Amino acid sequence: MFKKVNQIDIEFFRKLYKERLFVSEQINDDYCHDELGSTWGKPEIVLKAISTDEVSQTMKYANTKNISVVIRGSGTGLVGGSVCIHGGIMLDLSQMNKIIELDKKNLTVTVEAGVLLMDLATYVEKEGFLYPPDPGEKAATIGGNISTNAGGMRAVKYGVTRDYVRCITVVLPSGEILKLGGKVVKNSSGYSLKDLIIGSEGTLAVVTEAILKIVPLPSSIVSILIPFNSMPEAISIVPKIILTQVLPVAIEYLSKDTIENAEQYLGKKFPNHESNAYLLLTFDGEPSQVKFELSTISDLCLKEGAIDVYIVDTEERMNSVWKARGAFLEAIKSSTTEMDECDVVVPRSYIADFLLFIYEVSKTLNIRIQSFGHAGDGNLHIYLCKDNLDNDEWKIKKEKAFVLMYEKASEFGGLISGEHGIGLDKKQYLFNLLGANQISLMKGIKKVFDPNGILNPDKVI
Ligand SMILES: Cc1cc2nc3c(=O)[nH]c(=O)nc-3n(C[C@H](O)[C@H](O)[C@H](O)COP(=O)(O)OP(=O)(O)OC[C@H]3O[C@@H](n4cnc5c(N)ncnc54)[C@H](O)[C@@H]3O)c2cc1C
């Protein structure tokens, strides 16, 4: 279907990329999979771009020659999105990593797409600002975050990546360069092409630069860890917390088994691990406001059956608790032979029912399932563990579990993915949930942006 990369193509790209071009055995295995590792595909050529112009020339050439192109940031995705399943070109943007401008008057920062989230966060913090989106994987690129509309821990108060993207520079599959949006706060100027591209997982255009919104750095940040006797008790408090009009930055749900995995993985004890279920909340703002919010929520939780409230206010405690939370995915991965995940999002009022359903699925199918999640926004991360199952059993059980979970999510008014995207791995479930009409509209949009279908083919839809 796509043309294979031949010597003539390699010569063309070598003139552009010189030592930033890799072929055959020079291509590291890391380029053949993403962080989850369930999808595998080797690019025929890897190109490390350093400018929008280079990306434009590459796309123009590939489009004319009908060579498929997959864009890669850091490859930390979890749905096979950045894998070259058709061979072709892998266009790696990780060297486009300049922070171009901090505009204090307009509260924006302009970056190249390959800037790492952690580098951006550190840079703006030093200048007294916060870039609020906070997905767990800090080594992801901003281009990857934009392309998956990454969410993360601070979504309850601050929203997700989309809410912080004011403008993007993109390269279309034809090679044309467009600037979508601006430093403006409001925008009702026609269809939002910017918003179509955010979350499109590299299937519509290549994001090469972004102007992002930042906010002043809050002067105080405190977390509290609240143990409960059971998961339903912990989760049922979340809507009540929201009703108090105190808006925590984060409301995370942690289960005992996941905490134990993280303790083992990190070789460090969590401040408390006797209880079955925990909520971890963060508040930020001016110190007296944080104190008020913290005591309002602590009182509410204690009144509603919480066992205790631990204040996580020293840097050491903050590090130990949030480091453990940040390591959950890696910890579960290291506890099993193989895993797969479901990043379902349900209305907040259904989180407990959904988790109880997961326990049933685990029992019925006799498969280990671990979970944690962003309880404040209904986005749960459910991990199916292969453990000692043989390959056939694993495949059958995994598929059954996914079908059951997504059907239940749909019954509750939920969606397939809250923040990790669809990629290749969740494509079939997206089709089942959205139906032929919505998928056909999406295919129409894809055709307009990418008539030859060369950009990240066969992903998402
Ligand atoms: C331990 C761990 C924790 C995580 N926690 C979270 C979390 O809390 N919240 C969350 O949302 N995600 C989370 N993720 C998922 C992952 O970090 C995000 O999906 C991230 O946004 C991917 O960025 P990346 O640079 O690694 O992109 P890649 O994995 O390289 O690519 C992801 C997708 O975006 C496309 N893409 C990448 N860059 C561009 C670009 N410049 N232009 C066009 N398309 C592009 C790729 O083609 C691919 O389809 C986590 C992952 C791990 C491993």
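One gets our numbering by counting positions in the sequence shown from 1 and adding 1087 to each.
Even glycine gets a Cβ: it sits at the ideal position worked out from N, Cα and C.
Quick caveat: nothing in here was measured; it's all calculated off a predicted structure.
Bridge partners - residue i, DSSP secondary structure assignment
i       : result
Thr1197 : Glu1188 and Ile1298
Gly1239 : Asp1221
Asp1427 : Leu1471
Pro1303 : Phe1216
Tyr1340 : Leu1366 and Gly1460
Ile1313 : Leu1366
Val1432 : Asn1466 and Leu1502
Val1293 : Val1258
Ile1532 : Per DSSP, none; premise fails for Ile1532.
Ligand 1 heavy atom lying under 8 Å from the CB of residue i
i       : result
Lys1546 : yes
His1173 : no
Met1550 : No information on residue 1550 is available, as it lies outside the stretch 1088 to 1548 that the chain covers here.
Pro1222 : yes
Gly1162 : yes
Asn1153 : no
His1507 : yes
Leu1502 : no
Ile1176 : no
Ala1292 : yes
Leu1283 : no
Val1431 : no
Asn1348 : no
Ser1234 : yes
Ser1169 : yes
Gly1289 : yes
Met1240 : yes
Thr1295 : yes
Ile1158 : yes
Ala1462 : no
Glu1417 : yes
Between the CA atoms of residue j and residue i - distance to the nearest angstrom
i       : j       : result
Ile1509 : Asp1096 : 31 Å
Asn1543 : Trp1481 : 28 Å
Lys1495 : Ser1323 : 19 Å
Gly1201 : Leu1180 : 5 Å
Lys1129 : Gln1144 : 23 Å
Met1405 : Ser1310 : 7 Å
Thr1163 : Glu1122 : 5 Å
Leu1330 : Glu1391 : 14 Å
Ala1393 : Lys1410 : 23 Å
Val1490 : Asp1395 : 38 Å
Gly1230 : Leu1452 : 38 Å
Ile1541 : Lys1090 : 10 Å
Glu1320 : Leu1366 : 10 Å
Ile1264 : Gly1160 : 19 Å
Gly1289 : Ser1234 : 6 Å
Ala1226 : Arg1412 : 16 Å
Val1556 : Leu1368 : The structure shown has nothing for residue 1556, since the chain only spans 1088 to 1548.
Gln1457 : Ala1414 : 14 Å
Glu1447 : Glu1214 : 49 Å
Pro1303 : Ile1483 : 50 Å
Glu1224 : His1468 : 14 Å
Segment limits, beta strand (DSSP E) that includes residue i
i       : result
Lys1091 : Unbroken run through Lys1091: none, as it is neither H nor E.
Phe1109 : Leu1108 to Val1110
Ile1398 : Tyr1397 to Val1399
Val1252 : Val1252 to Val1258
Lys1266 : Ile1264 to Gly1268
Ile1158 : Val1156 to Arg1159
Limits of the alpha helix (DSSP H) - the one that residue i falls within
i       : result
Ser1497 : Asn1478 to Glu1498
Leu1387 : Pro1374 to Lys1390
Asn1232 : Ile1229 to Thr1235
Asn1363 : Careful: Asn1363 lies outside any alpha helix (DSSP H) and carries neither H nor E.
Gln1457 : Unbroken run through Gln1457 is the beta strand (DSSP E), Arg1455 to His1461; no alpha helix (DSSP H).
Ala1149 : Thr1139 to Lys1152
Asp1179 : Not the alpha helix (DSSP H): Asp1179 falls in the beta strand (DSSP E), residues Ile1176 to Asp1179.
Tyr1352 : Lys1343 to Leu1353
Val1133 : Where Val1133 is concerned, there is no enclosing alpha helix (DSSP H), although the beta strand (DSSP E) it sits in stretches over Ile1132 to Lys1135.
Phe1357 : Segment: none, Phe1357 is in no alpha helix (DSSP H) and carries neither H nor E.
Val1448 : Ile1438 to Leu1452
Arg1412 : Glu1402 to Gly1413
Cβ pair count under 8 Å reaching 3, the stretch 1516-1529 against the stretch 1453-1471: no
Segment contact flag, the stretch 1266-1278 with the stretch 1232-1244, C-beta cutoff 8 Å, min 3 pairs: no
Contact the stretch 1470-1480 vs the stretch 1422-1435: 3+ CB pairs below 8 Å: yes
At least 3 beta-carbon pairs within less than 8 Å: the stretch 1425-1437 vs the stretch 1350-1370: No, because fewer than three Cβ pairs between the stretch 1425-1437 and the stretch 1350-1370 fall closer than 8 Å, the two stretches do not touch.
Segment contact, 8 Å Cβ cut-off, at least three pairs: the stretch 1290-1300 with the stretch 1252-1270: Judged by Cβ distances under 8 Å, the stretch 1290-1300 makes contact with the stretch 1252-1270, as three or more pairs qualify.
At least 3 beta-carbon pairs within less than 8 Å: the stretch 1174-1188 vs the stretch 1145-1158: yes
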